[in-house]
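First residue of the sequence shown? That's 395 in this note's numbering, and the numbers climb one at a time after it.
Don't be surprised by glycine CBs; every beta carbon is placed ideally from N, CA and C.
As the structure is a computational prediction, the values presented were derived from the model and not from experiment.
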Amino acid sequence: MEHYRAIWISDVHLGTPGCQAKFLLDFLKHNESDTLYLVGDIIDGWRLKKSIYWPQSHNDVVQKILRKARKGTEVVYVPGNHDESIRQFLGLSFGEIKVVPEAIHTTADGRKLWITHGDLFDGVMQYAKWLAYVGDNLYSLILYFNRYLNLLRVRMGMQYWSLSQYLKHQVKNAVSYIADFEMIMAREARLRGCQGVVCGHIHKAEIRMIDNLLYCNDGDWVESLTALVETHEGELKIVHWPRILDDKPVIEEVTVEQMSLSISFPSRVPSPGLMAQSTITHSMETIT
Numbered sequence: 395m396e397h398y399r400a401i402w403i404s405d406v407h408l409g410t411p412g413c414q415a416k417f418l419l420d421f422l423k424h425n426e427s428d429t430l431y432l433v434g435d436i437i438d439g440w441r442l443k444k445s446i447y448w449p450q451s452h453n454d455v456v457q458k459i460l461r462k463a464r465k466g467t468e469v470v471y472v473p474g475n476h477d478e479s480i481r482q483f484l485g486l487s488f489g490e491i492k493v494v495p496e497a498i499h500t501t502a503d504g505r506k507l508w509i510t511h512g513d514l515f516d517g518v519m520q521y522a523k524w525l526a527y528v529g530d531n532l533y534s535l536i537l538y539f540n541r542y543l544n545l546l547r548v549r550m551g552m553q554y555w556s557l558s559q560y561l562k563h564q565v566k567n568a569v570s571y572i573a574d575f576e577m578i579m580a581r582e583a584r585l586r587g588c589q590g591v592v593c594g595h596i597h598k599a600e601i602r603m604i605d606n607l608l609y610c611n612d613g614d615w616v617e618s619l620t621a622l623v624e625t626h627e628g629e630l631k632i633v634h635w636p637r638i639l640d641d642k643p644v645i646e647e648v649t650v651e652q653m654s655l656s657i658s659f660p661s662r663v664p665s666p667g668l669m670a671q672s673t674i675t676h677s678m679e680t681i682t
């Protein structure tokens, strides 16, 4: 069991077939924190308006979060665009969960991080929402194919792979959109007097410096299966949770304050108590 000072998760999209609820539930079982930030799109109201999809695993995730709040974890919910209906309850608490429009988190080493989902600074969401709905339908179709592709990969003993993430990296306009979004979020954090920002929305986990400001995106639980965590020393990491294991899970760590970035992943589906790993290490500058 790992214990962190803070954990950030977003873009869970409970209520959709693409939600990897069992992986998230396993992550929540193995990781505790003083504060848990829910950074938007936890429940997908867009999809639930069209049809009801709510398996037991989705209910289990909600119950697990409520249980953490009852046992003393500070749970802060910052709604996003897919759960925008929650914004009508801003300033209220439900089952010890506080609902706020945005938040400021102070790290152990004194840095102030602005926390927001990010949709309010997305031009498509603000000025062409119809296009966002079209994109959401196309995205759901890609995830449909991705599910069956990964069922085949599991049978072949291969690890989880995201088709939609691959397409994002291959399409020039998508890459440009992500870069623009990251720049905007960094700029807005600076205007608020913060040293960094934590957001979600674009389903791309990241920790990097943009014009001397720390940009963090906690990723999602549809494609990348990632969370952002802060250790008790103030170190920020991205944790990748691609497998449900009987013992210690595989994690991918992106470390902000160390000299190296280490990615560990299983070369084949691990057996209980046995994990074959490959490690890739790249040198990078220390970010403070």
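R602: member of the beta strand (DSSP E) spanning 600-604, first to last residue.
A residue is called buried once 16 or more other Cβ atoms fall within 10 Å of its Cβ, and W448, having fewer, is exposed.
Counted as a single uninterrupted DSSP element, the alpha helix (DSSP H) harbouring A415 occupies residues 415-424. When Cβ pairs closer than 8 Å are counted between the two stretches, the segment 400-414 is seen to touch the segment 425-441, the count reaching three or more.
Contact between the segment 604-613 and the segment 576-583 is present: 3 or more CB-CB pairs across the two stretches fall below 8 Å. The alpha-carbon separation between I596 and D614 amounts to approximately 8 Å. For L422, the closest C-alpha among the options Q457, E627, E624 is that of Q457. Scanning R464, G412, D438 for the CA closest to the CA of K492 turns up R464.
For the pair Y398 and K416, the Cα-to-Cα distance works out to about 21 Å. Scanning its chain for C-beta atoms nearer than 6 Å, with the 5 sequence neighbours on each side dropped, one finds around D438 the residues H407, G409, T410, H476, in chain order. Under the DSSP assignment, H634 falls in the beta strand (DSSP E) whose first and last residues are 630-634. At a Cβ-Cβ threshold of 8 Å, L514 and C588 do not count as neighbours. Per DSSP, V469 lies in no alpha helix (DSSP H) segment; the continuous beta strand (DSSP E) that holds it begins and ends at 468-471. Within the same chain, G434, I480, R481 come within 6 Å of P473 by CB-CB distance, once the 5 residues on both sides are set aside.
Ranked by Cα distance from I632, the options I638, H626, L622 are led by L622. Judged by beta-carbon spacing, D428 lies beyond the 8 Å limit of G628, meaning their Cβ atoms are not closer than that value. Bridge partners of H499 according to DSSP: L507. Between the C-alpha atoms of L418 and W440 there is a straight-line separation of about 21 Å. Under the three-state reduction of DSSP, W402 is assigned to strand. Within the model, the alpha-carbon separation for I498 versus L546 is close to 43 Å.
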